[in-house]
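A.B. asks: Residue 330 is where the sequence shown starts when you use my numbering, and the numbers rise one by one after that.
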Amino acid sequence: MRILLYLVVSWCFATSTLAQDVPALASLSAAYVAQAKGKWDEALDLAKPAGQVAVDLIQWDRLRAGRGQFSEATAFLKRRPDWPGLPYLRQRSEATIEPDAAPQDVIAFFSNHPPKTAKGALRLAQALNKTGQKASAITAAQWGWSSFNMLASLEDAYLEMFGPHLKAQHAARLDRLLWQGDLASAERLLGRVTAGQAHLARARIALQKKENGVTRLLANVPKSLKSDPGLAYDRFQWRLARGHTEDAIDLMLQRSSSALALGRPEKWAGHRMSIARDLLWDRAHAKAYELAASHHLAPGDDYAALEWLAGFIALRKLKRPETALVHFKNHGAAVGSEISLGRTHYWQGRAFKALGQADKAQQAFAQGARFQTSFYGLLAAQEAGLPMQPSLAGTEVELEWRQADFVKSSVYEAGLLLIQVDRSRFGVRFLTHLAESQSPKGLAQMGRMAEEMDHPYLELMLGKRASRYGTMMERHFYPLTSRLMRPGAIAPELALAIARRESEFFAGAISGVGALGLMQVMPRTAKEMASKLGVGYSRSKMLKDPDYNAKIGIRYLEELTEEFGNSFVHIAAAYNAGPSRAHAWTAKLGDPRSPEVDVIDWIEQIPFSETRNYVMRVMESLPNYRARLAGQALPLRFLQELKGAYSPEPIFAAPAVSLRPISR
Numbered sequence: 330m331r332i333l334l335y336l337v338v339s340w341c342f343a344t345s346t347l348a349q350d351v352p353a354l355a356s357l358s359a360a361y362v363a364q365a366k367g368k369w370d371e372a373l374d375l376a377k378p379a380g381q382v383a384v385d386l387i388q389w390d391r392l393r394a395g396r397g398q399f400s401e402a403t404a405f406l407k408r409r410p411d412w413p414g415l416p417y418l419r420q421r422s423e424a425t426i427e428p429d430a431a432p433q434d435v436i437a438f439f440s441n442h443p444p445k446t447a448k449g450a451l452r453l454a455q456a457l458n459k460t461g462q463k464a465s466a467i468t469a470a471q472w473g474w475s476s477f478n479m480l481a482s483l484e485d486a487y488l489e490m491f492g493p494h495l496k497a498q499h500a501a502r503l504d505r506l507l508w509q510g511d512l513a514s515a516e517r518l519l520g521r522v523t524a525g526q527a528h529l530a531r532a533r534i535a536l537q538k539k540e541n542g543v544t545r546l547l548a549n550v551p552k553s554l555k556s557d558p559g560l561a562y563d564r565f566q567w568r569l570a571r572g573h574t575e576d577a578i579d580l581m582l583q584r585s586s587s588a589l590a591l592g593r594p595e596k597w598a599g600h601r602m603s604i605a606r607d608l609l610w611d612r613a614h615a616k617a618y619e620l621a622a623s624h625h626l627a628p629g630d631d632y633a634a635l636e637w638l639a640g641f642i643a644l645r646k647l648k649r650p651e652t653a654l655v656h657f658k659n660h661g662a663a664v665g666s667e668i669s670l671g672r673t674h675y676w677q678g679r680a681f682k683a684l685g686q687a688d689k690a691q692q693a694f695a696q697g698a699r700f701q702t703s704f705y706g707l708l709a710a711q712e713a714g715l716p717m718q719p720s721l722a723g724t725e726v727e728l729e730w731r732q733a734d735f736v737k738s739s740v741y742e743a744g745l746l747l748i749q750v751d752r753s754r755f756g757v758r759f760l761t762h763l764a765e766s767q768s769p770k771g772l773a774q775m776g777r778m779a780e781e782m783d784h785p786y787l788e789l790m791l792g793k794r795a796s797r798y799g800t801m802m803e804r805h806f807y808p809l810t811s812r813l814m815r816p817g818a819i820a821p822e823l824a825l826a827i828a829r830r831e832s833e834f835f836a837g838a839i840s841g842v843g844a845l846g847l848m849q850v851m852p853r854t855a856k857e858m859a860s861k862l863g864v865g866y867s868r869s870k871m872l873k874d875p876d877y878n879a880k881i882g883i884r885y886l887e888e889l890t891e892e893f894g895n896s897f898v899h900i901a902a903a904y905n906a907g908p909s910r911a912h913a914w915t916a917k918l919g920d921p922r923s924p925e926v927d928v929i930d931w932i933e934q935i936p937f938s939e940t941r942n943y944v945m946r947v948m949e950s951l952p953n954y955r956a957r958l959a960g961q962a963l964p965l966r967f968l969q970e971l972k973g974a975y976s977p978e979p980i981f982a983a984p985a986v987s988l989r990p991i992s993r
């Protein structure tokens with residue numbers, strides 16, 4: 330409500346497009362109520378008093394729900410070409426193209442955007458055929474048949490119109506369907522392939538269904554097809570499901586001689602990562618390394634993760650720094666984010682250090698130290714003996730934004746309308762989309778706007794989006810909110826770091842497992858904390874009252890601090906995965922506070938990827954938030970903090986920061 334009043338009262342003078350009166354906003358809110366009931370026409374009518382942008386917001390939702398007409402979609406795309414979510418809108422609109430649609434309109438629709446659905450590809454093929462472009466029509470139909478899953482009725486339409494031209498694609502289509510696990514579609518295709526291909530497919534289907542009697546079906550597969558990569562993958566999955574883990578690992582290693590032998594290396598990658606991690610946990614280091622290193626992936630996220638893991642095992646467990654360095658360099662060539670670049674340079678530095686190459690180690694650590702918003706960037710800076718970057722204090726700020734070019738955009742107006750009618754998630758989506766087209770100055774102006782709104786969720790998302798596009802806005806990458814900066818037993822930087830990671834400061838967040846609100850507290854824990862605070866528990870307040878949620882979350886952090894003392898690594902792990910797991914991991918890996926335990930290895934061996942990442946993100950936020958709160962860069966004691974051996978002076982409120990313009 331505070332944001333709503335601020336927008337309605339304060340922003341009316343900023344631009345005429347924002348001078349929305351309360352009745353107009355009420356009409357848009359009513360439109361969304363009608364929309365939720367599926368009353369689209371009524372919703373469009375109700376939105377009209379709030380202006381054309383408001384009407385188009387309803388239309389945007391309607392078209393993305395696949396409820397409009399093809400002509401409406403094409404008109405919308407011409408009217409709002411810079412709005413977010415248009416690829417999905419186009420995809421959903423493909424289903425609305427009727428067979429009798431004007432062929433020139435259909436061809437124009439796909440001229441710069443190839444079809445995203447089987448129906449879209451068919452409609453394009455039909456349109457090309459109607460305009461006499463027979464060869465192009467056949468090519469479009471073959472591409473659609475090979476590329477997309479579809480219902481039986483649409484398959485029949487493809488076969489009826491282009492059947493003779495699709496025969497050569499049947500085997501490839503069948504193989505793709507089986508890799509994707511679309512067994513019903515695969516079974517419909519069995520009669521259109523060779524007998525050998527059908528036997529192979531039946532064996533794969535039985536394996537995927539985890540049926541008994543697969544031995545007989547496997548025996549029917551022709552000798553020439555027994556080494557099929559897809560069959561090997563399905564056998565691997567079958568063995569895992571039956572609990573034959575060692576046999577499954579052996580099969581994966583057998584197939585890991587080449588990308589060709591794996592067929593689709595990316596399909597094996599998730600299992601490869603999780604099993605290698607399990608082997609690392611079980612101290613089967615040689616096999617864990619072999620599995621991680623033999624992935625044969627093209628550069629990408631899984632490639633980078635497995636290259637790093639192979640390097641970590643080689644360096645820390647097998648004591649092979651030269652081998653590790655190769656993997657870390659491969660990792661570095663495949664990544665671009667601040668988090669990953671900090672990681673790659675830090676570990677290259679560790680490998681050089683183990684090789685006795687001190688100068689190269691120093692260079693690598695200095696490279697990593699450029700990325701001090703990240704966990705490993707901070708560690709690299711400390712290893713290199715470099716200070717915290719002054720920019721992390723976030724004292725530079727763009728003061729004026731109301732006359733910026735972006736305030737003239739319909740995307741801007743739409744984003745603010747959405748926030749005003751309590752649809753912040755969508756409003757933030759529009760505004761972060763707008764940020765993608767801004768200069769560094771425009772980004773800073775948008776960040777300042779979000780800060781003036783007291784909207785840390787928007788501020789953070791703008792900061793993250795800017796970082797993705799190469800502009801680091803430290804002030805907005807680590808936003809402050811007063812509700813988490815109160816004197817008490819919990820350092821404000823810890824509460825801020827937890828909320829930043831848990832909900833990204835979105836007060837209405839609900840996790841997949843049911844955690845609620847700003848601090849993402851589970852209902853059972855929230856009830857317990859509310860009782861200890863002497864207040865009643867309210868699920869509604871957990872989502873709609875961020876101050877209430879903050880009190881509940883901070884009380885839980887106090888309890889974890891009582892249990893784990895000054896070990897923020899333990900506290901973060903316990904907040905995410907539960908105190909019992911934090912204790913169990915300590916029993917297995919040792920106490921990270923102990924001089925005999927490498928705390929970085931400890932964190933990297935947390936068996937849950939979510940918690941592993943969570944701990945790093947929380948820990949990297951602590952020194953960054955301290956700098957924000959203090960208004961100046963502070964001495965780096967990051968490794969000591971990870972070890973629970975650093976107790977900084979509490980900072981409960983930011984000083985009066987000089988709002989000086991960003992230096993140019």
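Just so you know, even glycine gets a beta-carbon here, dropped at the ideal spot from N, CA and C.
Am I right that residue 851 and residue 901 are in contact with their C-beta atoms under 8 Å? What's the rounded C-beta distance?
C.D. replies: Their Cβ separation, rounded to whole angstroms, is 16 Å, which puts residue 851 and residue 901 out of contact at 8 Å.
A.B. asks: At a cut-off of 8 Å, would you count residue 896 as near the ligand ATP, judging by its Cβ distance to the nearest heavy atom?
C.D. replies: The ligand ATP is absent from the structure shown, which contains no ligands of any kind.
A.B. asks: To the nearest angstrom, how far is it from the Cα of residue 523 to the Cα of residue 488?
C.D. replies: Distance between the alpha carbons of residue 523 and residue 488: 18 Å.
A.B. asks: Who pairs with residue 357 in a beta bridge, going by DSSP?
C.D. replies: Answer by DSSP bridge pairing: none, since residue 357 is not bridged.
A.B. asks: If I measure Cβ to Cβ from residue 691 and keep anything under 7 Å in the same chain, skipping five residues before and after, which residues do I get?
C.D. replies: Hits under 7 Å: 713.
A.B. asks: Give a yes or no on whether the C-beta atoms belonging to residue 647 and residue 614 are separated by under 9 Å.
C.D. replies: Taking 9 Å as the Cβ cut-off, residue 647 and residue 614 qualify as a contacting pair.
A.B. asks: Is the Cβ-Cβ distance between residue 968 and residue 955 less than 9 Å?
C.D. replies: No, they are not a contact pair.
A.B. asks: Distance check for residue 645 and residue 888, CA to CA, integer angstroms please.
C.D. replies: Using only the alpha carbons, I get a separation of about 34 Å.
A.B. asks: Whose C-beta lies closer than 7 Å to the C-beta of residue 937 among residues of the same chain, with five residues either side of it excluded?
C.D. replies: For residue 937, where only same-chain residues beyond five positions count, the Cβ hits under 7 Å are 906.
A.B. asks: In chain order, what residues of the same chain lie with their CB nearer than 6 Å to the CB of residue 774, ignoring the 5 residues before and after it?
C.D. replies: Result list for residue 774: 727, 730 and 733, in chain order.
A.B. asks: Quick check on DSSP: helix, strand or coil for residue 926?
C.D. replies: Residue 926: coil per DSSP, three-state reduction.
A.B. asks: Provide the residue span of the alpha helix (DSSP H) that contains residue 514, from first to last.
C.D. replies: Per DSSP, residue 514 belongs to the alpha helix (DSSP H) from 512–518.
A.B. asks: Measure the CB-CB distance between residue 873 and residue 866 and report whether it falls below 9 Å.
C.D. replies: Not a contact, by the Cβ cut-off of 9 Å.
A.B. asks: So, using beta-carbon positions, are residue 402 and residue 418 closer together than 9 Å?
C.D. replies: In this structure, residue 418 lies closer than 9 Å to residue 402 by Cβ.
A.B. asks: Looking only at its own chain, which residues have a Cβ that is under 6 Å from the Cβ of residue 415, when we skip the five neighbours before and after it?
C.D. replies: None.
A.B. asks: Using the Cβ count rule (16 or more neighbours within 10 Å means buried), how would you classify residue 282?
C.D. replies: In the structure as shown, the chain starts at 330 and stops at 993, and residue 282 therefore has no counterpart that could be examined.
A.B. asks: Take the Cβ of residue 976 as the centre, count every other Cβ of all protein chains shown within 10 Å, and call the residue buried at 16 or more, exposed below.
C.D. replies: Label assigned to residue 976: exposed.
A.B. asks: Assuming residue 566 contacts residue 536 under a Cβ cut-off of 8 Å, what Cβ separation, rounded to an integer in Å, is found between them?
C.D. replies: Between residue 536 and residue 566 the Cβ distance is about 7 Å, and since that is below 8 Å, they are a contact.
A.B. asks: Going by DSSP, which residues form a beta bridge with residue 881?
C.D. replies: DSSP output for residue 881 lists no bridge partner at all.
A.B. asks: Would you call residue 1008 buried or exposed, if buried means 16 or more other Cβ atoms sit within 10 Å of its Cβ?
C.D. replies: As shown, the chain starts at 330 and ends at 993. That puts residue 1008 outside it, with no answer to give.
A.B. asks: Under three-state DSSP, which class holds residue 999?
C.D. replies: As shown, the chain starts at 330 and ends at 993. That puts residue 999 outside it, with no answer to give.
A.B. asks: Rounded to whole angstroms, what's the CA-CA distance from residue 705 to residue 812? Just pull it up for me.
C.D. replies: So the alpha carbons of these two residues sit roughly 29 Å apart.
A.B. asks: Spatial neighbours of residue 1064 within its chain, please: C-beta separation below 7 Å, excluding the five flanking residues on both sides.
C.D. replies: Residue 1064 cannot be examined here, being either before or after the span of the chain that is shown, 330 to 993.
A.B. asks: First and last residue of the alpha helix (DSSP H) that includes residue 295?
C.D. replies: With the chain covering only 330 through 993, there is no way to say anything about residue 295.
A.B. asks: Using the Cβ count rule (16 or more neighbours within 10 Å means buried), how would you classify residue 331?
C.D. replies: In this prediction, residue 331 has a pLDDT of 38, which is less than 50 and means its spatial position is unreliable; what the coordinates show is noted afterwards. So residue 331 ends up on the exposed side.
A.B. asks: Measuring only the C-alpha atoms, how far is residue 882 from residue 472?
C.D. replies: Going by the C-alpha atoms only, they are around 53 Å apart.
A.B. asks: Indicate whether residue 789 and residue 834 have their beta-carbon atoms separated by less than 9 Å.
C.D. replies: Closer than 9 Å, so yes.
A.B. asks: So residue 521 packs on residue 499, CB below 8 Å; how close in whole Å?
C.D. replies: Indeed they touch by this definition, with Cβ atoms about 5 Å apart.
A.B. asks: Suppose contacts are defined by Cβ-Cβ distances below 9 Å. Is residue 546 in contact with residue 561 by that definition?
C.D. replies: Going by C-beta atoms, residue 546 is not nearer than 9 Å to residue 561.
A.B. asks: Express the C-alpha separation of residue 464 and residue 410 in angstroms, rounding to a whole number.
C.D. replies: Going by the C-alpha atoms only, they are around 31 Å apart.
A.B. asks: For residue 749, count the other beta carbons within 10 Å of its own beta carbon; 16 or more makes it buried, fewer makes it exposed. Which is it?
C.D. replies: With 16 or more other Cβ atoms within 10 Å, it is buried.
A.B. asks: Quick one: which unbroken alpha helix (DSSP H) runs of 4-plus residues sit fully inside the stretch 839–883? Chain order, please.
C.D. replies: The qualifying runs are 852–862 and 868–873.
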